[in-house]
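Chains as they are written, first to last, in my numbering: chain D, 114 to 237; chain C, 18 to 506.
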Amino acid sequence: MKKITFTLLSIATMALLTGCGDKPKSDIVTYKYTPAEVYTATCAHCHGDKGEGMPSKKGPAIDKKTIPELEMDLFDIKNGGVGQSTATEHDVMEHNMKKLKEKGYEYDVKAMANYIYNTFNRAK
Amino acid sequence: MKSNKIIEEVLNEIEKHEGVMSRRDAMKFLAASPLAASVIAGTVASTPAHASSSAKGKIVIVGGGLAGVATAAKLTHKLSNPDITIIEPNTKSVSYQPGQTLIAGGVWQKSDIEYETEKFIPKGVTWIKESVVSFDPKNNKLKTSGGQEISYDYLVVATGLALDFAAIKGLEGVITSYGPNEVVRQKVGKNGVYSMYFADGAVDTYKGIQELIAKAKEHKGTEKLQALFTDPATPIKCGGAPKKIMYLMHDRLVKAGVRDKVELLFCPSGDKMFGVPEYHTAILEQFKQRDFKWEYKTNLVAIDTDKKVATFEKKWLEKGEFDEDLKEYTMISMSKEVEKKYDFIHITPPQKAPDVVGKSPLGSSKGWVPVVQETLQHVSFKNIFALGDVAAVPMGKTGGSARKQYNVVADNLVAIMEKQSQLPSKFDGYTVCPLITSIGTVMLAEFNWTAKPTPSFPLDPTQERWIWWLLKVYALKPMTVYGMLSGRA
Ligand SMILES: Cc1cc2nc3c(=O)[nH]c(=O)nc-3n(C[C@H](O)[C@H](O)[C@H](O)COP(=O)(O)OP(=O)(O)OC[C@H]3O[C@@H](n4cnc5c(N)ncnc54)[C@H](O)[C@@H]3O)c2cc1C
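Following this line, the structure appears as structure tokens:
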């Protein structure tokens with residue numbers, strides 16, 4: 114009996130692993146603007162042309178962050194928190210991002226983090 | 018450990034908890050249901066073990082919990098001449114924390130989750146039973162609590178996280194799930210204040226549920242007893258747990274016939290149930306069906322355990338001035354404190370990287386070890402990797418994530434040792450949250466950084482199912498303890 118069960122389990126595993134192991138291909142998203150275009154048109158307005166921050170708009174400097182730090186921040190901002198029911202650390206920016214998204218200013222987190230880092234941090 | 022050993026363990030688990038189904042029934046069930054079988058078998062699919070690399074170098078792993086031990090095991094499979102040291106002070110560090118939820122719900126005993134570290138340290142790996150007290154990554158050295166100075170060529174940081182009860186005014190203590198906890202237990206685990214985030218606390222929580230039931234049975238009058246459930250403003254391990262305990266409480270109250278005497282109120286710091294919209298919607302529906310109440314952006318900041326009053330910081334946004342350039346109103350973040358009386362409160366404590374790590378050169382402004390999210394390599398030190406709860410990756414912080422991460426770390430670390438220019442392995446943010454929605458049902462929420470459901474099985478992932486309950490209660494523990502800790506699954 115045990116042998117039979119195990120055989121069945123193995124067959125099921127094979128079926129499973131070959132059956133739905135592949136990632137869905139429909140996840141590819143295209144964006145209307147490049148990160149540079151989004152940054153210049155919107156972010157620069159509050160974070161400065163060089164990411165140096167803009168006190169009058171309360172936008173903090175983002176030119177000293179590493180790529181993973183920026184990725185964490187941007188993930189938090191776009192997702193409204195990094196967990197399930199955990200608060201975002203950026204509630205104002207989360208709101209801003211929702212508005213920017215409505216206007217078509219979407220971006221890929223990784224691409225934007227790389228853009229900000231390469232253009233403002235590394236350049237220094 | 019072979020797959021059939023794991024199946025055997027699954028059957029043993031089933032046998033231990035007869036009542037639900039007998040071993041014979043379980044085997045019949047597995048034989049008759051290819052899907053159930055595939056659930057269990059699919060999760061134990063093992064990787065072939067052949068040492069593929071002759072690379073040399075001394076590897077030190079800090080933290081011998083789930084992530085640390087699994088990484089060590091995997092590395093011993095991959096390297097023909099492994100030189101690995103684990104530094105871990107706790108002799109029960111591999112105990113099965115996800116089971117704490119089931120202890121709190123009265124389904125398991127503490128003995129069901131306890132495992133001796135000694136039995137799981139892979140052969141040939143040195144175990145130093147001390148904790149690390151300081152890191153010197155520039156010189157590839159660290160110091161231990163016993164005063165040893167240890168140098169390494171490669172370092173893996175897997176210290177898990179710290180439960181920061183002290184961050185709540187009125188409570189004291191920064192502890193781990195299995196370490197010493199006397200300070201916290203002065204106030205948590207009695208008088209209506211509970212937390213299953215540490216193992217002893219989970220045992221207490223079930224007592225707390227019984228107490229509340231007794232109180233409810235005596236309760237007269239129209240005002241309901243108040244049971245509060247918190248969810249802090251920091252990343253936490255197992256993001257579903259603050260809600261799971263609520264479902265279990267509900268179930269216990271219903272079974273005792275006193276559900277109508279108690280109000281269950283969820284107070285999360287955030288403004289949603291789940292970062293994945295599909296799961297958020299499903300959970301909201303489940304909340305409504307059970308008459309749960311919730312208040313978003315309501316974060317526990319203080320508690321008076323004598324008066325039984327909890328203080329929450331409530332946050333909201335208010336319209337500021339109109340921004341001419343952006344054609345939008347700017348927003349101002351507002352907050353105020355509100356007090357709530359409780360008869361029972363389940364506290365999910367704020368969580369942080371242990372200070373020894375977080376405030377060392379390895380840490381970051383937020384403590385969590387900054388790594389390249391896909392490769393898990395430290396941002397500044399190329400010979401250092403971090404994984405598990407201590408790593409700065411979004412979502413994560415589950416055993417389910419660690420189960421993917423340890424393979425990534427092992428592959429990439431060997432590549433570094435071999436001086437390869439490319440790191441071969443990538444983590445995609447996979448997390449799984451078996452959300453217990455009652456005693457007998459679970460919603461198996463699987464997802465990754467795309468914040469979309471990524472189900473492993475061809476079933477609607479937003480449904481509560483008995484089969485996932487079986488997976489959670491009978492299969493996941495043997496899978497983790499015998500599959501993952503041996504670096505095979
Ligand atoms: C209530 C609860 C429910 C959960 N439910 C689930 C679930 O349903 N599904 C799921 O996948 N996950 C769940 N988890 C999460 C899961 O248990 C963790 O994500 C997992 O244990 C993380 O593994 P880790 O190795 O990173 O940390 P741990 O397993 O915590 O191990 C870290 C180890 O590092 C050691 N350490 C710390 N500091 C030092 C130091 N300075 N020197 C040396 N050693 C040190 C500690 O002693 C500890 O043993 C749950 C957790 C809890 C508390």
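Note that CB positions come from ideal geometry on N, CA and C, so glycine has one too. Computed from a prediction, not measured in an experiment: that's the story for all the values here.
Using DSSP bridges, identify the partner residues of residue i.
i                      : result
residue 368 of chain C : C:180
residue 143 of chain C : C:102
residue 389 of chain C : Answer is none; residue 389 of chain C lacks a bridge partner.
residue 394 of chain C : C:402
residue 211 of chain C : C:363
residue 508 of chain C : Given that chain C is displayed from residue 18 to residue 506, the structure contains no residue 508 of chain C and the question cannot be resolved.
residue 452 of chain C : C:460
residue 191 of chain C : C:181
residue 321 of chain C : C:326
residue 186 of chain C : C:319
Please list the terminal residues of the continuous beta strand (DSSP E) segment that includes residue i.
i                      : result
residue 327 of chain C : 326–340
residue 444 of chain C : No beta strand (DSSP E) contains residue 444 of chain C, which DSSP labels as neither H nor E.
residue 159 of chain C : 158–161
residue 346 of chain C : 345–358
residue 460 of chain C : 458–464
residue 222 of chain D : Careful: residue 222 of chain D lies outside any beta strand (DSSP E), inside the alpha helix (DSSP H) at 222–229.
residue 153 of chain C : 149–153
residue 79 of chain C  : 75–79
residue 167 of chain C : 166–168
Let me make sure I understand the geometry here. Which of the options has the alpha-carbon closest to that of residue i?
i                      : options                       : result
residue 135 of chain C : C:144, C:381 and C:127        : C:144
residue 98 of chain C  : C:356, C:70 and C:416         : C:70
residue 401 of chain C : C:374, C:29, C:354 and C:502  : C:374
residue 322 of chain C : C:160, C:203 and C:368        : C:203
residue 465 of chain C : C:496, C:307, C:431 and C:390 : C:390
residue 174 of chain C : C:159, C:266 and C:207        : C:159
residue 162 of chain C : C:152, C:171 and C:170        : C:152
residue 193 of chain C : C:469, C:82, C:241 and C:101  : C:82
residue 259 of chain C : C:284, C:268 and C:225        : C:284
residue 27 of chain C  : C:277, C:472, C:222 and C:489 : C:489
residue 496 of chain C : C:282, C:433, C:254 and C:417 : C:417
residue 267 of chain C : C:301, C:241, C:226 and C:104 : C:226
residue 114 of chain C : C:221, C:255 and C:137        : C:255
residue 360 of chain C : C:414, C:229 and C:310        : C:229
residue 334 of chain C : C:352, C:328, C:317 and C:342 : C:352
residue 430 of chain C : C:86, C:29 and C:91           : C:91
residue 77 of chain C  : C:347, C:170 and C:155        : C:170
residue 257 of chain C : C:344, C:291 and C:425        : C:291
residue 138 of chain C : C:314, C:101, C:172 and C:164 : C:101
residue 424 of chain C : C:84, C:183 and C:313         : C:84
residue 311 of chain C : C:247, C:345, C:111 and C:405 : C:247
When we look at the beta-carbon of residue i and count the other beta-carbons within 10 Å, is it buried (16 or more) or exposed?
i                      : result
residue 381 of chain C : buried
residue 445 of chain C : exposed
residue 386 of chain C : buried
residue 176 of chain C : buried
residue 168 of chain D : exposed
residue 493 of chain C : buried
residue 121 of chain C : buried
residue 68 of chain C  : exposed
residue 239 of chain C : exposed
residue 137 of chain D : In this predicted model, residue 137 of chain D has a pLDDT of only 41, less than 50, meaning its place in the structure is not dependable enough to derive any value.
residue 61 of chain C  : Only weak support is given to the placement of residue 61 of chain C: the predicted model assigns it a pLDDT of 48, under 50, and the value that follows is read from those uncertain coordinates. That one is buried.
residue 505 of chain C : buried
residue 235 of chain D : exposed
residue 204 of chain D : buried
residue 231 of chain C : exposed
residue 435 of chain C : exposed
residue 233 of chain D : buried
residue 368 of chain C : buried
Along the chain, where does the alpha helix (DSSP H) that runs through residue i open and close?
i                      : result
residue 425 of chain C : 416–434
residue 173 of chain C : Here residue 173 of chain C belongs to no alpha helix (DSSP H); instead the beta strand (DSSP E) covers 171–174.
residue 208 of chain D : 204–215
residue 487 of chain C : 483–487
residue 219 of chain D : It is not in any alpha helix (DSSP H) - residue 219 of chain D carries neither H nor E in the DSSP assignment.
residue 228 of chain C : 216–235
residue 117 of chain C : 117–121
Which runs of the beta strand (DSSP E) at least 3 residues long sit entirely within the segment 240–315 of chain C? Give them in chain order.
242–248 and 279–285
For the segment 144–200 of chain D, list the beta strand (DSSP E) runs that are entirely contained and at least 3 residues long, ordered along the chain.
none
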